[in-house]
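With this note's numbering, letter number 73 in the sequence shown gets 212, and the count goes up by one each step, no holes. Cβ coordinates follow ideal geometry from the N, Cα and C atoms, glycine included. Owing to the predicted nature of the structure, the values given are computational and were not obtained by experimental measurement. One structure below.
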Amino acid sequence: MLSAADFIGPWSRGRFNEIKDLDWDIAPLPKKKLATSPIYIGGMAIFAGTKHPEEAWRFVKYLTSREAQQIWRGTDSLAPPGFL
140 MLSAADFIGP WSRGRFNEIK DLDWDIAPLP KKKLATSPIY IGGMAIFAGT
190 KHPEEAWRFV KYLTSREAQQ IWRGTDSLAP PGFL
């Protein structure tokens, strides 16, 4: 058995899925008395000068909806909050 560990981000899922015969998984970080979680903070922003502020706001609201989070969770992109 061979094993290795690396502290990577959810953006690596796609690359790992492309490697045939790579058996990989996600493990929790070591803890003392209480577990903690690393936080990746990405951002969404709407340009102040956009010609379509209402559409942009609806899009941001959709991206943070339960429906979009479920779709996002199935992709090889960043994991949505609460995925792990």
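*So residue 195 and residue 185 are in contact, right, with Cβ under 8 Å, and what is the actual spacing, rounded?*
The distance from the Cβ of residue 195 to that of residue 185 is about 4 Å, consistent with a contact at the 8 Å cut-off.
*Is the beta carbon of residue 202 less than 8 Å from the beta carbon of residue 183?*
Yes. Within cutoff.
_residue 165 in three-state terms, based on DSSP_ = It is coil, neither helix nor strand.
*From the DSSP output, in three-state form, read off residue 136 for me.*
Only positions 140 to 223 of the chain appear in this structure, which leaves residue 136 out of reach.
*At a cut-off of 7 Å, is residue 186 close to the ligand NAD when judged by its beta-carbon and the heavy atoms of the ligand?*
No copy of the ligand NAD appears in this structure; indeed no ligand is present at all.
*Between the C-alpha atoms of residue 157 and residue 144, what's the straight-line distance to the nearest angstrom?*
Each residue's CA atom was taken as its position, placing residue 157 and residue 144 some 18 Å apart.
*Please work out which residues of its chain come closer than 6 Å, Cβ to Cβ, to residue 163, disregarding the five sequence neighbours upstream and downstream, and give them in chain order.*
For residue 163, where only same-chain residues beyond five positions count, the Cβ hits under 6 Å are 155.
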